[in-house]
Amino acid sequence: RSIIKMAGTMVVGNIIIYVPGLLWLAVLYGWDQPIFAWGLTPFLFGDLIKLSLAALLLPSLWKFVNKVGLLK
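And the structure:
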């Protein structure tokens with residue numbers, strides 16, 4: 741439940757989401773099209789912000805949940 745583990749897990753999750761989407765775009769429109777420009781680049785900035793905020797906030801939230809005993 742550290743920041744590094746949380747960020748790494750989220751990066752892997754994003755890769756799992758992006759790869760099928762990019763492959764599907766390539767199948768639909770052809771491999772000669774700018775697939776990364778269409779299906780990856782527009783989303784990177786927002787995903788970076790989302791990943792950073794979540795990785796910074798979630799460890800503190802887990803501590804709070806454990807302290808309050810919400811998962812017992």
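Mind the numbering: the sequence shown is residues 741 to 812 in my numbering, read in order.
Don't be surprised by glycine CBs; every beta carbon is placed ideally from N, CA and C.
Annotated three-state conformation of PRO760 is helix, per DSSP. In the pairwise beta carbon analysis, the stretch 760-767 is classified as touching the stretch 775-785: at least three pairs are separated by under 8 Å. Residue state for PRO774 is assigned as coil, using DSSP reduced to three classes. Close CB contacts of ILE743 within its chain, under the 8 Å cut and outside five residues either way in sequence, are with ALA795, LEU796, PRO799 (chain order).
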